[in-house]
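Following the working numbering, the numbering of the sequence shown begins with 5 at its first residue and continues without gaps. Structure first, commentary second.
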Amino acid sequence: MLAMHRRDFLRLSALASSSTLIAKRGWGAPDSAAIARLTIDPSREGNVIGPDFTGLSYETAQLGDPEFFSPSNRDLVGLMRRLGGSGVLRIGGNTSEYSRWTAETPAAMGADAPAQPGAAVGPDTGKAPPKPTIITPHAIRNLRGFVDALGWKLIYGLNLGTGTPETAAEEAAYVFNTFGPRLIAFQLCNEPDLFSRNGIRKAGYAYPDFAKEWRSFYEAIKKRVPDAPFAGPDTAFNNEWLLPFANEFKQDIVSLSQHYYAEGPPTDPSMTIARLLQPNPKLQSQFAGMGQTRKDTGLPFRLAETNSCYSGGKEGVSDTFASALWGAELMYQLAQAGGEGINFHGGGFGWYTPIAGTREKGFTARPIFYGMLLFAQAGAGKLLASSLEYQQDEPLLTAYSLRSDSGSIKAVIFNKHKDRSARIAIQPQERSEEASVLRLTASGLEATTGIVLGANGVDGGGKWEYSSLERVSIVDNAATIEVPSASAALVSFKRL
Numbered sequence: 005m006l007a008m009h010r011r012d013f014l015r016l017s018a019l020a021s022s023s024t025l026i027a028k029r030g031w032g033a034p035d036s037a038a039i040a041r042l043t044i045d046p047s048r049e050g051n052v053i054g055p056d057f058t059g060l061s062y063e064t065a066q067l068g069d070p071e072f073f074s075p076s077n078r079d080l081v082g083l084m085r086r087l088g089g090s091g092v093l094r095i096g097g098n099t100s101e102y103s104r105w106t107a108e109t110p111a112a113m114g115a116d117a118p119a120q121p122g123a124a125v126g127p128d129t130g131k132a133p134p135k136p137t138i139i140t141p142h143a144i145r146n147l148r149g150f151v152d153a154l155g156w157k158l159i160y161g162l163n164l165g166t167g168t169p170e171t172a173a174e175e176a177a178y179v180f181n182t183f184g185p186r187l188i189a190f191q192l193c194n195e196p197d198l199f200s201r202n203g204i205r206k207a208g209y210a211y212p213d214f215a216k217e218w219r220s221f222y223e224a225i226k227k228r229v230p231d232a233p234f235a236g237p238d239t240a241f242n243n244e245w246l247l248p249f250a251n252e253f254k255q256d257i258v259s260l261s262q263h264y265y266a267e268g269p270p271t272d273p274s275m276t277i278a279r280l281l282q283p284n285p286k287l288q289s290q291f292a293g294m295g296q297t298r299k300d301t302g303l304p305f306r307l308a309e310t311n312s313c314y315s316g317g318k319e320g321v322s323d324t325f326a327s328a329l330w331g332a333e334l335m336y337q338l339a340q341a342g343g344e345g346i347n348f349h350g351g352g353f354g355w356y357t358p359i360a361g362t363r364e365k366g367f368t369a370r371p372i373f374y375g376m377l378l379f380a381q382a383g384a385g386k387l388l389a390s391s392l393e394y395q396q397d398e399p400l401l402t403a404y405s406l407r408s409d410s411g412s413i414k415a416v417i418f419n420k421h422k423d424r425s426a427r428i429a430i431q432p433q434e435r436s437e438e439a440s441v442l443r444l445t446a447s448g449l450e451a452t453t454g455i456v457l458g459a460n461g462v463d464g465g466g467k468w469e470y471s472s473l474e475r476v477s478i479v480d481n482a483a484t485i486e487v488p489s490a491s492a493a494l495v496s497f498k499r500l
């Protein structure tokens, strides 16, 4: 008989709402060779994974090249669309606090003209104040065309850190009029809980100071743009700012936003692949706080910026296949916690960026992109209650289940062990004709290239289709599959 890994069950149950996970005891194994059993209860639905759940985040400084986010940048459009026909692009990051809006044309700006065409901006490390970025109407118009080409929506960051309410209102008016219904929300700042650490504000800067400033910017923008939508507080991690902000501004915002980085700083030798893949108490605490705030206020929440390691990522961790497994699982953990979506930060050639490259040299799908692609193949739907039981303690073997919008039951299984495969019997508890298996694989957790989904990689323009889709028979109401070490599997059941 399998014994459930109780610690993992209790951890995930704390994150899940609507009974996303259930515990079951006892198992007459349909396959004696299996080391685990996943039991799905299709009658118990959990949180919704909406069509706009997935997203990417880029630095505001990338708008310094008005042609980067343009429908003419077809390869970037193709790669991002591969992640979903709908999603959310967030423009913000540290450089949003140093941006400068101007209605002038580049020719009239002289030395302050935008960056040279082709410039690629990676994640800002926060080690020093960046050079101010000039944002022009041309860049905003191109951004609208880019978002239209994607079929996505926009979260747009404004400059509270070094800007003024008046200038923010001018910029917001132009963005609002340009984007219309494609604009989800304005964010007035980026990580204000770190302002006193990075020199934007003096020591002692606290939530009451921030709330006063936020209100002044909000009122200036609302005076100019009465229907402008807002999200916030967009803090780095501070749950102590989240609930007061939600309570104070719940009538003024459409959603809550916060950031999350699993590790950091990259200079710390203890920030490793092994650490990244272990259950993270920090994540549990942050998601619990966000979930409770959602419950108390009724406001949805989004991870507007996230990735594996802050300060731009860590070589040998953030750029490896391990990040693909971590990133895909994070998306399901967030959905279980009640989050409405996620934006993985990136850009340029940053270690953790999902898409690397430039307009001139082309683009490449990095490892974490493949984790997002796996999530996209499972699709939108409703999480289902399920339990994963083990023969022995297996903290690196995890699973999630959902009813897709197409009606099929799907299970996503992650084996994050470096060198231990797992044989799993999956019971959908619904009459099924057969199951199919789409696999996410690489040569190992440390791999930076050679990553494939369905035995195929993604090209520089986003073209991809699987060349391998396994068929598994249903025996004794279960599909039994092998999940090799350092891999993930998407199992889809075909109903009778």
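The beta-carbon is built from N, C-alpha and C at its ideal position, and this holds for glycine as well.
| Asked | Found |
| --- | --- |
| Between the Cα of ASN242 and the Cα atoms of LEU377, PRO285, LEU334 and GLU195, which residue gives the shortest distance? | GLU195 |
| Give the secondary structure of ARG370 by DSSP, where H, G and I count as helix, E and B as strand, and everything else as coil. | coil |
| Look at the Cβ atom of LEU377, then the Cβ atom of LEU473, and state whether they are nearer than 8 Å. | no |
| Find the nearest neighbour of PRO169 within the set LEU147, TYR222 and ALA153, judged by alpha-carbon distance. | TYR222 |
| Return the chain-ordered list of same chain residues with a C-beta closer than 8 Å to the C-beta of LYS498, the five sequence neighbours on each side being excluded. | SER412, SER436, GLU437, GLU438, ALA439 and SER440 |
| With DSSP as the reference, please indicate the residues paired to ASN460 in a beta bridge. | LEU457 |
| Since GLY91 contacts ALA384 with CB under 8 Å, what's their CB separation in whole angstroms? | About 11 Å; that fails the 8 Å criterion. |
| Could you check the C-alpha separation between PRO185 and ALA232 for me, to the nearest Å? | 11 Å |
| Hey, which unbroken runs of the beta strand (DSSP E) at 3 residues or more fall wholly within the segment 281-315? | 305-313 |
| Under a three-way DSSP split, which group does TRP105 fall into? | strand |
| Within a Cβ cutoff of 6 Å, which residues of the same chain sit near SER322, ignoring the five residues on either side of it in sequence? | SER312, CYS313, TRP355 and TYR356 |
| When DSSP labels each residue in this structure, what does LEU19 get in the three-state scheme? | Note that LEU19 has pLDDT 34, beneath the 50 cutoff, so the model's placement of it is unreliable and the number below is only indicative. If DSSP states are grouped into helix, strand and coil, LEU19 belongs with the helices. |
| Return yes when the Cβ of LYS414 is within less than 8 Å of the Cβ of SER425, no when it is not. | no |
| Assuming SER103 and PRO141 make a contact with CB atoms under 8 Å, what is their CB distance in whole Å? | Wrong, their Cβ atoms sit about 14 Å apart, outside the cutoff. |
| In three-state terms, what does DSSP make of SER489? | coil |
| Provide the residue span of the beta strand (DSSP E) that contains PHE214, from first to last. | Looking at the DSSP string, PHE214 is not in any beta strand (DSSP E); the run it does join, the alpha helix (DSSP H), is 211-228. |
| Can the beta-carbon of ILE446 be found less than 8 Å from the beta-carbon of PHE367? | It should be noted that the sequence gives Ala, not Ile, for residue 446. No, the Cβ-Cβ distance between ALA446 and PHE367 is not below 8 Å. |
| Using a 10 Å radius around the Cβ and a threshold of 16 neighbouring Cβ atoms, would you call LYS2 buried or exposed? | This structure cannot settle anything about residue 2, because the visible part of the chain is limited to 5 through 500. |
| Of all the options PHE234, ALA207 and ASN181, which has the alpha carbon lying nearest to the alpha carbon of ARG148? | ASN181 |
| With DSSP as the reference, please indicate the residues paired to LYS414 in a beta bridge. | LEU406 and SER496 |
| What number of angstroms, rounded off, separates the C-alpha of ASP213 from the C-alpha of GLY161? | 20 Å |
| Going by DSSP, which residues form a beta bridge with LEU83? | Answer is none; LEU83 lacks a bridge partner. |
| Quick one: what's VAL479 bridged to in DSSP? | ALA482 |
| Compute the Euclidean distance between the alpha carbons of PRO118 and SER74, then round it to the nearest angstrom. | Low per-residue confidence applies at PRO118: pLDDT is 48, beneath 50, and the placement is therefore not dependable, though the value from the model is reported in the following sentence. When rounded, the distance between both Cα atoms is 15 Å. |
| Taking its Cβ as the centre, do 16 or more other Cβ atoms sit within 10 Å of ARG94, making it buried, or is it exposed? | buried |
| Is it buried or exposed for ALA107, if we count other Cβ within 10 angstroms and need 16 for buried? | exposed |
| May I have the straight-line CA-CA distance separating TRP218 from ASP69, to the nearest angstrom? | 29 Å |
| By how many angstroms is the C-alpha of PRO134 removed from the C-alpha of ASN202? | 11 Å |
| Using only CA atoms, which one of SER200, LEU154, TRP156 and ILE204 lies nearest to ASN163? | ILE204 |
| What does the Cβ neighbour count give for GLY352, buried or exposed, with the cut at 16 atoms within 10 Å? | buried |
| Can you tell me where the beta strand (DSSP E) holding LEU260 begins and where it ends? | 259-267 |
| Does DSSP put VAL151 in a helix, in a strand, or in coil? | helix |
| Would you call the CB atoms of LEU60 and PHE348 closer than 8 Å? | yes |
| Could you tell me the distance, in whole angstroms, from the CA atom of PHE190 to the CA atom of SER100? | 12 Å |
| Just to confirm the assignment, what range does the beta strand (DSSP E) spanning PHE190 have? | 187-191 |
| Drop a sphere of 10 angstroms on the beta-carbon of LYS318, count the other beta-carbons inside from all chains shown, and report buried for 16 or more, exposed for fewer. | buried |
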